[in-house]
Amino acid sequence: MDYDDEQTLRFLRLGDFSVVLIMQKCSPIMMITCTVGELQWSITKDAPVIRVDTRGFGFAMPGLLYGLQFSSSCQEAMMDTLETIFIKFADYKHLRRGEVGGYPWEDNEPNLWAKSRRKIEKIANKALSRFGQVPGKSLSAVGNQDSGLLKVLRTSAATKMVSNAILTGSLRSRHIDIQDMRPQDKCNNENVSAIYQQAFPSISVFNNLVEAVEIAWVISSGDSHLLKEKKIGELKVLVGFQIWRLNQEGIVAFVEKLISRPIACRID
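Number 67 in the UniProt record's numbering belongs to position 67 of the sequence shown; there are no gaps in the numbering.
Dropping the structure here:
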């Protein structure tokens, strides 16, 4: 779902869906990736996942809205299991009418995303702002970098790059900052759930990489006058978890690799 004036709905991929948990053995950092075909993105505790109907989920991050719809052959129990994963690892929301009510649309509604977009955006923008993120179209997506598809491909490439760095151990402690946003009793209590001991990624891990590449291409194309100063959002809630982000050294290390990839070039 593009953030353009026409509110374009673009079909991206058709294929098997998978969710993978990635962790480091000697570090608290982890991440969750979602994959359809070769397209990949991450779910985080500071970006909303919205269940739109029985078999449809919306994913929001700065500058991007994804809609994921499963076929009618997928059992509802499987969808509920997937929901429990999103509850645990994302900022989960749903559009059910009350706790026991149904969804606003029929199952497998053909125009689901066109009909639900306004509700998704309203929830997404409020949630992202609450976590200090700036919702809507990226301020660096200007000139020849304003393609929503280009942002999708770069986000996928950044997700794969970071997940591979975690698996191979090339993501080092010097590349990241961990912010402890847990209540004091959870920090001091060794008997709390293991999930409180892990550090979840911020959506900014991936968003900052993509925006850095966008800015680099805008400047190299001579369009730097189109760039506007980015507003730094204010964190308004205590997330309740440890959150990790790439620091300046980490961003530089990844951006150099991301720019060199073929998908980093512009789409005309």
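Each residue gets a CB set at the ideal place from its N, CA and C atoms; glycine is no exception.
{"Asked": "Continuous alpha helix (DSSP H) assignments of at least 4 residues falling wholly in the stretch 107-177", "Found": "112-130, 148-168"}
{"Asked": "Entirely enclosed beta strand (DSSP E) segments - the stretch 1-49, minimum 3 residues", "Found": "17-23, 30-36, 39-43"}
{"Asked": "Sequence-distant residues of its chain with Cβ nearer than 7 Å to R174 (five each side left out)", "Found": "E249"}
{"Asked": "Limits of the alpha helix (DSSP H) - the one that A77 falls within", "Found": "76-89"}
{"Asked": "Assigned secondary structure, D268 (DSSP; H/G/I helix, E/B strand, else coil)", "Found": "At D268, the pLDDT of 34 sits below 50, so the modelled position is not reliable and the matter cannot be decided from this model."}
{"Asked": "CA-to-CA distance, D53 to K115, given in whole angstroms", "Found": "12 Å"}
{"Asked": "Bridge partner(s) assigned by DSSP for A199", "Found": "I29, Q242"}
{"Asked": "Cut-off 7 Å between Cβ atoms - residues of its own chain near Q69, not counting five sequence neighbours on either side", "Found": "R55, G56, L112"}
{"Asked": "Three or more C-beta pairs below 8 Å linking the stretch 21-32 and the stretch 123-139", "Found": "no"}
{"Asked": "In DSSP terms, what E93 is bridged to", "Found": "Checking the displayed sequence, the identity of residue 93 turns out to be Lys instead of Glu. DSSP, once it has assigned bridges, lists I50 as partnering K93."}
{"Asked": "Residue(s) in a DSSP beta bridge with M61", "Found": "L64"}
{"Asked": "Contacting residues, own chain, Cβ-Cβ under 6 Å from Q198 (five flanking each side not counted)", "Found": "P28, M30"}
{"Asked": "Residues that G56 bridges to, as DSSP identifies them", "Found": "D53, Q69"}
{"Asked": "Closest residue to M161 among V49, K257, I50 (Cα-Cα distance)", "Found": "K257"}
{"Asked": "7 Å Cβ cutoff met for I259 and A216", "Found": "yes"}
{"Asked": "Contact belief for S163 with T44 at Cβ below 8 Å, rounded distance in angstroms", "Found": "That pair is no contact at about 13 Å."}
{"Asked": "Beta-carbon proximity of G15 to V49, cut-off 7 Å", "Found": "no"}
{"Asked": "Whether G58 touches K151 by CB criterion (7 Å)", "Found": "no"}
{"Asked": "Neighbour-count burial assignment, L149, 16 or more Cβ in a 10 Å radius", "Found": "exposed"}
{"Asked": "C-alpha gap between F89 and I32, whole angstroms", "Found": "8 Å"}
{"Asked": "R10 versus S73 - alpha carbon distance", "Found": "23 Å"}
{"Asked": "Cβ pair V205, R245 closer than 7 Å", "Found": "yes"}
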